[in-house]
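Working notes for the structure below.
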Amino acid sequence: MAKKENQSAKELKEKLFMQKKNAYLRMSDAEIKKMDKFCEDYKHFLDAAKTEREATAFIKQAAKEHGFAPFDKDKTYKAGDKVYLVNREKSVILAIVGKEPIEKGVNLVAAHIDSPRLDMKQNPLYEKDEVGYFKTHYYGGIKKYQWPTVPLSLHGVIVKTDGSKITVNIGEDEGDPVFCVSDLLPHLATTQMKRPSTELVKGEELNIIVGSRPFKDDEASEAVKLNLLMILNEKYGITEADFLSAELEAVPAFKARDIGFDRSLVGGYGQDDRVCAYTELMAVLNAKSVRKTAIAILTDKEETGSDGNTGLRSAYLKYFIADLAATFGVKGREVLSNSKCLSADVNAAYDPTFPDVFEKNNASVLNGGVCVTKYTGSRGKSGTSDASAEFVGEIRALLDKKGVIWQTGELGKVDIGGGGTVAAYIANLNVDTIDIGVPVMSMHAPFEITAKTDVYAAFKAFEAFINS
Ligand code: MN
Ligand code: MN
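Letter 278 of the sequence shown, counting from 1, is numbered 1271 in the numbering used here, and no numbers are missing.
Now the structure itself:
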């Protein structure tokens, strides 16, 4: 083809090619400074909210401090009113009433606050060969071999038959003990190392060491277990049977940290998906007055498929919207049918050490900005909601207009794997929905990696959407 008059290849390329530039090369020094400050607070959130219950408590407290009040379906609301609804201490909805009539639709942003971890079984405590253990059942998709020899903290609740509830949080404070799953020394691991890596450490080998000191009595059997129960009885007033009505979760005990000489990355547990939860929360808390009613959903159970009454396959979101709509004399389905949603969840960041699983033209990269994903699913897009071209066009225009640094990305090569988010469950309510979130390296590992620029870009994207 002939060269266009007066235009060099360089000029034409700039005009016609998609621009892919590292976020640092597109941000001003002032913006980078703001980003660094934002990520300091983000790391504190990661440390303070390691489970869905802790995240719920954190979000509820922050919402209250920003003028949100418990939602009351018998009240009447006006533009600017801020409400929240806590669902069983494990998920939260925040809403800011917009100036436009609610039947014109709402702007939803949905992130999840549960992360892969080790749950205690219902009868967890046992002693074997004079070592005390908790039996676990892993939660979410983990590579089991990553969890032994990691210092673990214990979080959750124990509910007694009188209805009283004990909150447990051990292993986070400097002076606290931690817990740990053991692994075999390499010297004796020849046979273990021949196992397929999915069984390198088996589910029933993820046993957490909780003690080793016996109760002082030569006659007693299971003296370590007895001593442990004595300590737990003194501390919490519980007996062994109280574990039956407990939810105890083991998560990495370490704190979120900067990674790299240049401190450009954040390392921490549970960034999938608390990175989107935090950025979404900040966008809603900072919103002044919104045109459309803004609703932030922070949900549980995404990592196990969104089932159950705190996951997004349940009716709790639908009921909330119906109840909120009813305060204006409007039907919930009318609101939903005109609504738009950003399904805020992480995507796989391209990993230069493992390039083979990615198709580079369609993979998100660290420092490429927040990642917009038109569809998820696996194989032939199984389980996807696939946002329409029209809606992608709308979001694209909005992000560009607001100067948000963003990229597109998919979850790995077509035949290799895949995955899903809550997008499909919200889209199933007849809501225009698209996935957007922060690229994560080492996703679902005890220590996940994100880029600060992408975290900040996610905040900017949610802010732009909520205020649109
Ligand atoms: Mn996720
Ligand atoms: Mn996940």
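The beta-carbon is built from N, C-alpha and C at its ideal position, and this holds for glycine as well. None of these values were measured; they are calculated from a predicted model.
According to DSSP, residues forming a beta bridge with residue i
{"i": "H1105", "result": "T1292"}
{"i": "G1430", "result": "C1364"}
{"i": "M1113", "result": "T1129"}
{"i": "V1358", "result": "DSSP lists no partner for V1358."}
{"i": "C1334", "result": "L1101 and T1426"}
{"i": "F1468", "result": "In the structure as shown, the chain starts at 994 and stops at 1461, and residue 1468 therefore has no counterpart that could be examined."}
{"i": "V1516", "result": "The question about residue 1516 has no answer here: the residues shown for the chain are numbered 994 through 1461."}
{"i": "S1371", "result": "S1375 and G1411"}
{"i": "L1241", "result": "G1149"}
{"i": "E1120", "result": "G1125"}
{"i": "P1063", "result": "Y1077"}
{"i": "K1158", "result": "V1152"}
{"i": "A1341", "result": "V1433"}
{"i": "I979", "result": "The displayed coordinates of the chain run from 994 to 1461. Any statement about residue 979 would go beyond what the structure contains."}
Contact test: residue i Cβ vs ligand 2 heavy atom, cutoff 7 Å
{"i": "E1296", "result": "yes"}
{"i": "H1437", "result": "yes"}
Inter-residue CB distance, residue i and residue j (contact presumed, cutoff 8 Å)
{"i": "S1282", "j": "G1073", "result": "5 Å"}
{"i": "A1246", "j": "V1259", "result": "In fact, because the Cβ distance is near 17 Å, the residues do not count as touching under 8 Å."}
{"i": "I1429", "j": "V1323", "result": "So it is not a contact: roughly 28 Å between Cβ atoms."}
{"i": "T1044", "j": "V1244", "result": "7 Å"}
{"i": "D1338", "j": "A1050", "result": "So it is not a contact: roughly 22 Å between Cβ atoms."}
{"i": "A1088", "j": "V1076", "result": "5 Å"}
{"i": "G1098", "j": "A1287", "result": "Wrong, their Cβ atoms sit about 11 Å apart, outside the cutoff."}
{"i": "L1359", "j": "D1447", "result": "7 Å"}
{"i": "L1178", "j": "Q1185", "result": "Rounded, the Cβ-Cβ distance is 10 Å, inconsistent with contact."}
{"i": "T1377", "j": "E1403", "result": "Not really, about 11 Å apart at Cβ, beyond 8 Å."}
{"i": "L1422", "j": "L1329", "result": "5 Å"}
{"i": "F1440", "j": "G1261", "result": "7 Å"}
{"i": "V1385", "j": "I1427", "result": "6 Å"}
{"i": "K1445", "j": "C1032", "result": "5 Å"}
{"i": "C1269", "j": "A1451", "result": "6 Å"}
{"i": "T1292", "j": "I1052", "result": "Not really, about 11 Å apart at Cβ, beyond 8 Å."}
{"i": "G1304", "j": "S1371", "result": "The pair is not a contact, with the Cβ atoms about 19 Å apart (cut-off 8 Å)."}
{"i": "I1151", "j": "A1239", "result": "4 Å"}
{"i": "G1133", "j": "L1145", "result": "Contact doesn't hold; Cβ gap of about 15 Å is too wide."}
{"i": "T1129", "j": "N1200", "result": "7 Å"}
{"i": "L1222", "j": "E1233", "result": "6 Å"}
{"i": "F1347", "j": "K1406", "result": "So it is not a contact: roughly 12 Å between Cβ atoms."}
{"i": "E1047", "j": "A1041", "result": "7 Å"}
{"i": "Y1418", "j": "S1299", "result": "6 Å"}
{"i": "I1314", "j": "G1325", "result": "5 Å"}
Neighbourhood of ligand 4 [Cβ distance below 5 Å to any heavy atom], ordered by chain position: This structure lacks ligand 4; its bound ligands are ligand 1 and ligand 2.
Entirely enclosed beta strand (DSSP E) segments - the segment 1245 to 1292, minimum 3 residues: For the segment 1245 to 1292, the full-length beta strand (DSSP E) segments reaching 3 residues or more read 1250 to 1252, 1258 to 1261 and 1286 to 1292 along the chain.
Length-filtered (3 minimum) beta strand (DSSP E) runs lying within the segment 1383 to 1443: Qualifying beta strand (DSSP E) stretches, in chain order: 1399 to 1401 and 1425 to 1430.
Whole beta strand (DSSP E) elements within the segment 1169 to 1243, 3-residue minimum: You should have 1201 to 1204.
Complete alpha helix (DSSP H) runs within the segment 997 to 1067 (minimum length 4 residues, chain order): Correct list: 1002 to 1009, 1022 to 1041 and 1045 to 1058.
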